[in-house]
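Novice: Mind the numbering: the sequence shown is residues 0 to 284 in numbering that gives the first Met the number 0, read in order.
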Amino acid sequence: MSADRPVGELLREWRHRRQLSQLDLAIQAGISSRHVSFVETGRTIPSRPMVLHLAEHLQVPLRERNRLLVAAGHAPVFRTRPLDDPDLTAAREALQQILRGHEPNPALVVDHCWNLLLANSAADVFLDGVAPELLEPPVNMMRLGLHPDGFASRLLNLEQVRGFLLPRLARQVQRTGNPQLSDLYAELVSYGAPHTVEPPDPADIALPIRIRHGGAELSFFNTITTFGAAFDVTLEEIAVEAYFPANRATALALRAGTRSTTPNPAATEYCSTFPITARTGGSCS
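#1: Mapping the DSSP letters down to three states, classify F150 as helix, strand or coil.
#2: Label R228 either buried or exposed according to how many other C-beta atoms from any shown protein chain fall within 10 Å of its C-beta, with 16 as the threshold for buried.
#3: Using CA atoms only, rank isn't needed, just tell me which of W113, D123, P131 and S20 is closest to N139.
#4: Quick check on P297: buried or exposed, where buried means 16 or more other Cβ atoms within 10 Å of its Cβ?
#5: Please report the straight-line C-alpha distance between I210 and A238, rounded to a whole angstrom.
#6: For I223, is the classification buried or exposed, using 16 other Cβ atoms within 10 angstroms of its Cβ as the cut-off for buried?
#7: Quick one: what does DSSP say I97 is sitting in, helix, strand or coil?
#8: I need the DSSP call for F163, collapsed to helix, strand or coil.
#9: Compute the Euclidean distance between the alpha carbons of D127 and G7, then round it to the nearest angstrom.
#10: Where does S181 fall in DSSP's three states?
#11: What number of angstroms, rounded off, separates the C-alpha of V129 from the C-alpha of T233?
#12: Could you compute how far the alpha carbon of A90 sits from the alpha carbon of E236?
#13: So the beta strand (DSSP E) E240 belongs to, where does it begin and stop?
#14: Give the straight-line distance between the Cα atoms of L217 and P147, rounded to the nearest whole angstrom.
#15: Nearest-angstrom Cα distance between P5 and W13?
#16: Can you give me the Cβ contacts of H101 inside the same chain, cut-off strictly under 7 Å, excluding the 5 residues immediately before and after it?
#17: Thinking C-alpha only, which one of H15, V108, D123 and T88 is nearest G213?
#18: Label H15 either buried or exposed according to how many other C-beta atoms from any shown protein chain fall within 10 Å of its C-beta, with 16 as the threshold for buried.
#19: Between L87, N156 and P105, which lies nearest to A121 when the distance is taken from Cα to Cα?
#20: What span of residues does the beta strand (DSSP E) with H212 cover, start to end?
#21: Going by DSSP, what residue range makes up the alpha helix (DSSP H) through A248?
Have a look at this one:
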C-alpha cells in the first residue's frame, strides 16, 4: 500500500463525496474548520487518531481508512486477509451456518465488488445453465445477472431488475470511489442501459426476481446482511444475500428440489451442500 496522493487531498475528496462543507465536517467532528482547512491544504499533517476520527465522520470504508493512514505517514491498522484465513474461522463458520440454515432457499456471500465467495446448494438456481466462462473465479454476481450469457436470458423481468441494479451500483460507485466498481458499472451498462421502471405492483413487498428454472417460474425477493461492527477489511466488505420465495408456488418448488434439466458442472462446483465452497481468488480493491 503506497501513499499515492496527499492525505489532505484524499480527505477533501471524501468530504466532497459526502457533500459536506469544511464547516459541516468541523461541527460533526468537534474540531475547528480552520484545522480541517489546514489538513486539507497540507499545512498540517494529522495524527493517526485524527485521521481515524475524520474518517469515521466521513463514513470512509476501512480499506480506504488504511489508505488515508498511509498517506499521512502512519501504518495501516485494519487487516485485509482472505476469507479462508485461520483467524477468520469463527466468521466463516457463522456464514456457512447462515447459508445452510437458509436451505432450501438460495443464499450466497459476496464481497464489496459482488464477487461470489460462498454459496449454498440452492444457489444453483442462479448459477445453472450460464456460460462456463462466467463461472471462472472470481464469479461476479452482478455480471452473472445482467450478462446476455448469464442468467439474464432466464429473467422474466430483466428490465425491472436492470432498472434497480444499475442505479444501485452507480450509487455504490459514488459512495466508495472504487475504480473497479466503476469499470464494472460501465461494462454492465454496455449490456443494456436502465430504462424507466414501471411502478411496483401493489401486491409486491419488495423487488421480485422472476426466473425460469427447471421448467418452472420462480419468484424471489432478497435481503442483504452485513457484519454490524467489523474491524477487519474483509469482513466489513462481505454481504450475505438471502433469497426468499415470493409466492407459494416458488416455496413448494424449492422444497421439492427443483433442478435444471441440463446441470452445469461448473455451477455444481460452487453449489455442493457440504462443504460450502469458498472462492477467494480475484479481489477488488
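We treat Cβ as the ideally placed atom computed from N, Cα and C, and that holds for glycine.
Specialist: Checking against the coordinates, here is how it stands:
#1: F150 sits in a helix when the DSSP states are folded into three classes.
#2: Checking the displayed sequence, the identity of residue 228 turns out to be Ala instead of Arg. Exposed is the call here.
#3: Ranked by Cα distance from N139, the options W113, D123, P131 and S20 are led by W113.
#4: In this structure the chain extends from 0 to 284, so residue 297 is not present and cannot be described.
#5: About 22 Å.
#6: So I223 ends up on the exposed side.
#7: Three-state result, I97: helix.
#8: In the three-state reduction of the DSSP assignment, F163 falls in the helix class.
#9: Each residue's Cα considered, the two are about 48 Å apart.
#10: Residue state, collapsed to three classes: helix.
#11: Looking at the two C-alpha atoms, the distance is approximately 28 Å.
#12: When rounded, the distance between both Cα atoms is 13 Å.
#13: Looking at the DSSP string, the run of the beta strand (DSSP E) that includes E240 is A238 to P244.
#14: A direct Cα-Cα distance of roughly 19 Å separates L217 from P147.
#15: One C-alpha to the other measures close to 13 Å.
#16: The answer, listed in chain order, is N119 and A241.
#17: Of all alpha-carbon atoms in H15, V108, D123 and T88, the one lying nearest the alpha-carbon of G213 is that of D123.
#18: Exposed, because fewer than 16 other Cβ atoms sit within 10 Å of the Cβ of H15.
#19: The candidate whose alpha carbon is nearest that of A121 is P105.
#20: Its beta strand (DSSP E) spans residues I208 to H212.
#21: For A248, the uninterrupted alpha helix (DSSP H) run begins and ends at R247 to R254, by DSSP.
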